[in-house]
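All letters in the sequence shown, in the order written, are residues -19 to -1, 1 to 293 by mature numbering (1 follows the signal peptide of the UniProt record, and there is no 0).
Working notes for the structure below.
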Amino acid sequence: MNFHRLPLFLLLPALVACGAQDPAAGEDANGEEEAVKPRALVTVGTVQTDTLTDVLRLNAVSAFPAKDALRATTTGYVLPPAPVVGQQVRAGQTVFTIQTKESKVLHLDKLTGDPRLKFSGIIQIKTARNGVLASVDKLPGDYVQDGEQLGVTYDKSRFGFILDVPVTQLRFVHPGQACRILLPDGRALPGRVAEVLPTADVSTQTQRYTVRPIGPIPELPENLAVQIELNRTEPRRASTLPRTAVLTDETQTQFWVMRLLNDTTAVKVPVTVGTQDKDNIEIKAPSFSAKDKILLSGNFGLGDTAAVKVTR
């Protein structure tokens, strides 16, 4: 076929089809698609100046260090009624009653109307101070020997907490120091370090202290695990960021934040952290200005330079 003799209107469709399949045009379209990248949705904030205190947190357990053992003062039988564990007792209150075996045999308790008989054989065992009945070792009808333990009462006025302080932290703890007692249910009680016991645990290398609550004390059991907070430093002013703004590696040796470079780009900035509390972290270096925008959320997993979109 001779193409030179073909009419012009037949050649135009062929030229248009060739232009539609131009590979250069396809590359431009793909490049435009690659330029459109997804952006992370983030929120931003600025560094704040807060009052911080370096806090030492240690574990402690509740305890009744003063216990009174109620003992039989004669040989005989325990009489009803039976006391109940947990019962509140007052100083001078009768908790156990014992009848001597001679009184039981001779029924002396029924002859007390005789003026010549001054001993009925009924012995009352009373508490020395206010407290709580911690244990009941003998029940009505039991035969007991002189000096045998009948029960134990806790002295409520001596209730406190046993605090074990590592020897490396002893310089931060001293008798008379104010502290906070954090209960498992979220309540916090004011307290004070009371005494230091003159012994140390060989295996754990800890020094034992007692901590006393200040003010009203809720009803708490013995051996309740709590946390004690003590201030290691005086309150001071420091630059802080929320915990969510500060990122770290798996070993928690390197820390960084993501700073907004412009409206759509965030960059990684290494930081040196200081004192931390449950909400904020001190930023010791670098020194950020009030105009620096720091990513507060949406920052996890972002690279050194990331495309972002700020949300309200």
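Ideal Cβ placement from N, Cα and C applies to all residues, glycine included.
These numbers were taken from a predicted model, which means no experiment stands behind them.
Asked: Spatial neighbours of F45 in its chain, beta-carbon cut-off 7 Å, leaving aside the 5 residues before and after; Found: Y135, D136, R139, F140 and E203
Asked: Local conformation of S84 per DSSP, three classes; Found: helix
Asked: Three-pair Cβ contact test at 8 Å for the stretch 52 to 70 versus the stretch 241 to 256; Found: no
Asked: Bridge-paired residues (DSSP) for F269; Found: F269 is not bridged to any residue.
Asked: Proximity of V76 and L51 at Cβ, strictly below 9 Å; Found: yes
Asked: Check whether N111 and A47 have beta carbons under 9 Å apart; Found: no
Asked: Beta-carbon proximity of T286 to T246, cut-off 9 Å; Found: yes
Asked: At least 3 beta-carbon pairs within less than 8 Å: the stretch 204 to 218 vs the stretch 25 to 32; Found: yes
Asked: Boundaries of the beta strand (DSSP E) in which G141 is found, first to last residue; Found: G141 to P147
Asked: Boundaries (first-last residue) of the beta strand (DSSP E) holding V227; Found: Element bounds for V227: n/a, residue is neither H nor E.
Asked: Selection from P197, T180 and E200 that minimises the alpha carbon distance to T191; Found: T180
Asked: Cβ-Cβ distance between V146 and Q105 below 9 Å; Found: no
Asked: Element boundaries [beta strand (DSSP E), containing residue 295]; Found: The chain is shown only over -19 to 293; residue 295 falls outside these bounds and no answer can be derived.
Asked: Where the beta strand (DSSP E) containing N212 begins and where it ends; Found: A206 to N212
Asked: Presumed contact (8 Å Cβ cut-off) between A226 and V207, rounded CB distance; Found: In fact, because the Cβ distance is near 31 Å, the residues do not count as touching under 8 Å.
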